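Inspection log for the structure reproduced underneath, given as structure tokens.
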Amino acid sequence: MRQVVEEFINSKWDAECVPLLEDYIRIPCQSPAYDKDWETNGLLDQAMTLLHEWVQKQDLPGMTSRVMHEPGRTPFMIIHVPPTNDTATNSILMYGHMDKQPPLLPWAEGLDPYTPVIRDGRLYGRAGADDGYAVCAAITCLQALKKAKVPYGKITIVIEADEESGSANLPFWIDKVKPELGSPDIVVCLDSGALNYDQMWLTNSLRGAVNGELHVEILNEGLHSGIFGNIVPCSFRILRQLISRLECEKTGDVLVPECHAEIPATAVKQFQALDEISDDLYTQDVPLKEGVRALPGKSSELGLANAWKPCLCVTGSGGMPCLATAGNVLRKGTSVMLSMRLPPPVDAATAMAAIQRAVESDPPYGAKVTFKGGLCAGGWSAPEMVPWLAEAVDTASQSFFGRPAGNQGLGGTIPFMGMLGKMFPKAQFVITGVLGPKSNAHGPNEFMDIAFTKKITCCVASIVAAHCRECC
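Position 145 of the sequence shown, counted from 1, bears residue number 146 in this note's numbering, the numbering being contiguous throughout.
Here it is as structure tokens:
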């Protein structure tokens, strides 16, 4: 099986999947949160159509697929692949998304978010790795099993177009197709990452996230900063005080109790195992400026903090002119976008309300302070993996990488996982992906490591085959 699967997947990626992703990268679609005209410019639909037309051409017995549309809703693709054994009822649900983050210019010389470039075995371009590759991997792994005459169970694949905006449309679509999903034994999510390119990595926890606009207003119009300085407070100084209510600026510790959760002993043990792989898994490839240091700690300490502690970032600003046009003016106000990552068990709505109370109560100098909440997504923690599946994952990684699988908690957020965890409480979860060191999802110079992606596709095929042996 191994040789046939590997040869088929390698050939398929080279002949079809990489060229398809190159065409997909060329489409400048963005997730709805970043493109207010997404519904009229048709770019999301164009990208979804490209991927769906490829799916329709694929040779898988009995496969059906459709793209669903509703006014005001992002498109949604669902694919059904019947089991090789007509009497088998056990199933796997696979998930991916095809919407994109903004381009975030500039990129390195010779690279562009919407111009695919293959360099040193890497496919550069926005969203090839996050997460355009997912539908290719899902279909190709099944075709490889077919080629090797290895049976598989019922497979359902869903591809959404709203993940980078918090998956606001996904509950609507999942409710529409819920009768078609059944009760999957395994949920395979292909939207995660890896701490190295030497083995398969599983993600067994995800942080939640809330964000919102913090506005501080003090004046009806701008004033001369020399004449009115020390008389009228600067809105930026007030803003600094408000942010200090949320975070200690010296340590980065989050000060809002509702944003914290107890760290389970199983998570501590899991992260301690990372020190055996490397003591700098989280810092070795960070593009720091010369002389800049990352936060101190071993892989276990940094990984645990990244996965199980809250973290605040300021991701945007308003009310400030660019440097070239900044005059000596006390501005009317200052605004920032705040992004708070939350430990997996924290209730996102409770955290959002606590953040709003912290910044809006008793404002300095009576300033007009408003917090406008946006994304509100809970985290997720996987149930303990059953022995046969844990063995199947390790076997897959050993077969195609020569090393056992690694486990990590991810500091990012996939809102869909929390939803599925509640919808399918008995399901097992295999959360993996191709976002490895320096792949830089959401940032400039994003790339997909082609060889690694092929191996991950092989691993997924191996796990699908093991599921059929065990459950079908």
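In this text, a Cβ means the ideal position worked out from N, Cα and C, and glycines have one as well. Bear in mind that the values here come from a model prediction, so they are computed numbers and not experimental data.
Distance between residue j and residue i (C-alpha atoms, nearest Å)
i	j	result
VAL5	LEU324	59 Å
GLN47	PRO76	10 Å
THR50	HIS98	13 Å
CYS235	LEU331	6 Å
GLU54	PRO258	49 Å
LEU220	THR326	20 Å
GLN409	ASN231	51 Å
ARG470	LEU390	11 Å
LEU243	GLY122	46 Å
THR335	PHE237	6 Å
PRO171	ASP199	With the sequence shown as reference, residue 171 is identified as Leu, and Pro is not the correct amino acid for it. Each residue's Cα considered, the two are about 33 Å apart.
CYS1	GLY167	No information on residue 1 is available, as it lies outside the stretch 2 to 473 that the chain covers here.
LEU1	CYS249	The first residue shown for the chain is 2 and the last is 473, placing residue 1 beyond what the model contains.
ALA467	ILE26	33 Å
VAL269	GLY133	33 Å
Supposed contact pair residue j and residue i - C-beta distance, whole angstroms, cut 8 Å
i	j	result
VAL347	MET201	Going by Cβ atoms, the distance from VAL347 to MET201 rounds to 29 Å, so no, they are not a contact pair.
GLY1	ALA195	Past the boundaries of the shown model lies residue 1; the chain is included only from 2 to 473, so the question cannot be answered.
GLY253	GLY374	Incorrect: roughly 22 Å between the Cβ atoms, too far for contact.
VAL360	LEU247	7 Å
VAL435	ALA130	5 Å
MET353	VAL211	5 Å
PRO107	PRO445	7 Å
CYS377	ALA349	5 Å
GLU333	GLU218	A quick correction: the sequence has Lys, not Glu, at residue 333. So it is a contact: roughly 6 Å between Cβ atoms.
PHE453	TYR125	Not a contact, Cβ separation roughly 14 Å.
THR433	CYS142	Contact flag wrong, Cβ pair sits at about 12 Å.
THR204	LEU411	5 Å
PRO345	SER193	Not confirmed; about 14 Å, so no contact.
First through last residue of the beta strand (DSSP E) which encompasses residue i
i	result
TYR125	123 to 125
PHE372	369 to 378
ARG429	For the sequence presented, residue 429 should be read as Gln rather than Arg. Residues 429 to 432.
VAL6	Element bounds for VAL6: not the beta strand (DSSP E) but the alpha helix (DSSP H), 3 to 13.
VAL217	209 to 218
LEU411	407 to 411
GLU23	Run containing GLU23: none in the beta strand (DSSP E); it sits in the alpha helix (DSSP H), 19 to 27.
THR157	155 to 161
Host alpha helix (DSSP H) of residue i (start-end)
i	result
SER463	451 to 472
GLU392	388 to 402
VAL255	VAL255 -> no alpha helix (DSSP H), and no H or E assigned at all.
LYS179	171 to 182
THR284	THR284 -> no alpha helix (DSSP H), and no H or E assigned at all.
*Pair every Cβ in the segment 402 to 421 with every Cβ in the segment 365 to 374, then say whether three or more of these pairs are closer than 8 Å.*
Remark: fewer than three beta-carbon pairs, one from each stretch, lie closer than 8 Å, so the segment 402 to 421 and the segment 365 to 374 are not flagged as touching.
*At what residue ranges does the segment 286 to 355 contain a whole run of the beta strand (DSSP E), taking only runs of 3 or more?*
The qualifying runs are 312 to 319 and 334 to 343.
*Jot down the residue ranges of each uninterrupted beta strand (DSSP E) in the segment 62 to 119, minimum 3 residues, whole runs only, in chain order.*
With a minimum length of 3 residues, the continuous beta strand (DSSP E) runs that stay inside the segment 62 to 119 are 65 to 69, 77 to 82 and 92 to 98.
*Determine, using beta-carbon pairs with one atom in the segment 160 to 167 and one in the segment 27 to 46, whether at least three such pairs fall under 8 Å.*
Judged by Cβ distances under 8 Å, the segment 160 to 167 makes contact with the segment 27 to 46, as three or more pairs qualify.
*In the segment 34 to 59, which residue ranges form an unbroken alpha helix (DSSP H) of at least 4 residues, counting only runs that do not cross its ends?*
Listed in chain order, the alpha helix (DSSP H) elements of length 4 or more contained wholly in the segment 34 to 59 are 39 to 42 and 44 to 57.
*Between the segment 380 to 390 and the segment 424 to 435, do at least 3 Cβ pairs fall closer than 8 Å?*
The answer is yes - the segment 424 to 435 touches the segment 380 to 390, with three or more Cβ pairs under 8 Å.
*Determine contact between the segment 82 to 96 and the segment 136 to 154, defined as no fewer than three beta-carbon pairs at a distance below 8 Å.*
Yes, the segment 82 to 96 touches the segment 136 to 154.
*Touching by the beta-carbon criterion (3+ pairs, under 8 Å), the segment 313 to 329 and the segment 282 to 291*: Segment contact: the segment 313 to 329 against the segment 282 to 291, fewer than three CB-CB distances shorter than 8 Å; contact not assigned.
_Taking contact to mean 3 or more Cβ pairs, one atom from each stretch, closer than 8 Å, check whether the segment 15 to 23 and the segment 37 to 44 are in contact._
No, the segment 15 to 23 does not touch the segment 37 to 44.
*Using 8 Å as the Cβ pair cut-off and three pairs as the minimum, do the segment 400 to 415 and the segment 453 to 464 touch?*
Yes, the segment 400 to 415 is in contact with the segment 453 to 464.
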